[in-house]
Amino acid sequence: MTDVYDPSELRQYRARKRAQRRYQADYRERLKVDGIPERDDVAAAALRVVLRALDRNPAAWETLRVGLLNEIARAGFTRAHAAERLDAMVARQARQEARERGRKR
Numbered sequence: 001m002t003d004v005y006d007p008s009e010l011r012q013y014r015a016r017k018r019a020q021r022r023y024q025a026d027y028r029e030r031l032k033v034d035g036i037p038e039r040d041d042v043a044a045a046a047l048r049v050v051l052r053a054l055d056r057n058p059a060a061w062e063t064l065r066v067g068l069l070n071e072i073a074r075a076g077f078t079r080a081h082a083a084e085r086l087d088a089m090v091a092r093q094a095r096q097e098a099r100e101r102g103r104k105r
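What follows is the structure in structure tokens.
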């Protein structure tokens with residue numbers, strides 16, 4: 001089944017989409033200029049802090065790991081793949097921090 005649009009409605013639709021793209025681009029530029037983080041920036045920073053904490057405090061690792069895997073599984077992802085990804089992220093963060101410590105010396 002194909003949808004048939006009135007040409008004037010299609011023009012209005014495209015104009016709205018163009019206006020929305022411009023608004024989003026301007027909004028993101030304002031955030032950048034004003035130094036305001038987006039939600040993804042905050043989430044990424046929070047994840048880096050968690051990964052760092054897990055690397056430094058292995059005792060907390062299992063509790064937090066189980067909680068994270070439960071949350072990821074609730075979102076519909078497989079626990080095994082999530083565990084592999086999480087372990088790899090912790091290892092990568094540890095390697096990155098080791099490199100940064102080496103540069104500061």
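Once you know that position 77 of the sequence shown is 77 in full-length UniProt numbering, the rest is easy, because the numbers rise by one and skip nothing. Idealized CB from N, CA, C, for every residue including glycine.
**OP:** Decide if Q93 is buried, meaning its Cβ has at least 16 other Cβ atoms within 10 Å, or exposed.
**Re:** buried
Original post:
Exposed or buried, what is L51 when buried is set at 16 or more other beta-carbons lying within 10 Å of its beta-carbon?
Top reply: Burial call: buried.
**OP:** With DSSP collapsed to three states, give me the class of N57.
**Re:** It is coil, neither helix nor strand.
Original post:
Which of helix, strand or coil does DSSP assign to I36?
Top reply: In the three-state reduction of the DSSP assignment, I36 falls in the coil class.
Subject >> Expected contact under 8 Å - CB spacing of A82 and L64 to nearest Å >> reply: Not really, about 13 Å apart at Cβ, beyond 8 Å.
**OP:** With a threshold of 16 other CB atoms inside 10 Å of the CB of L31, please say whether the residue is buried or exposed.
**Re:** exposed
**OP:** Using the Cα positions of A80 and V66, report the straight-line distance between them to the nearest angstrom.
**Re:** Those two C-alpha atoms are separated by around 12 Å.
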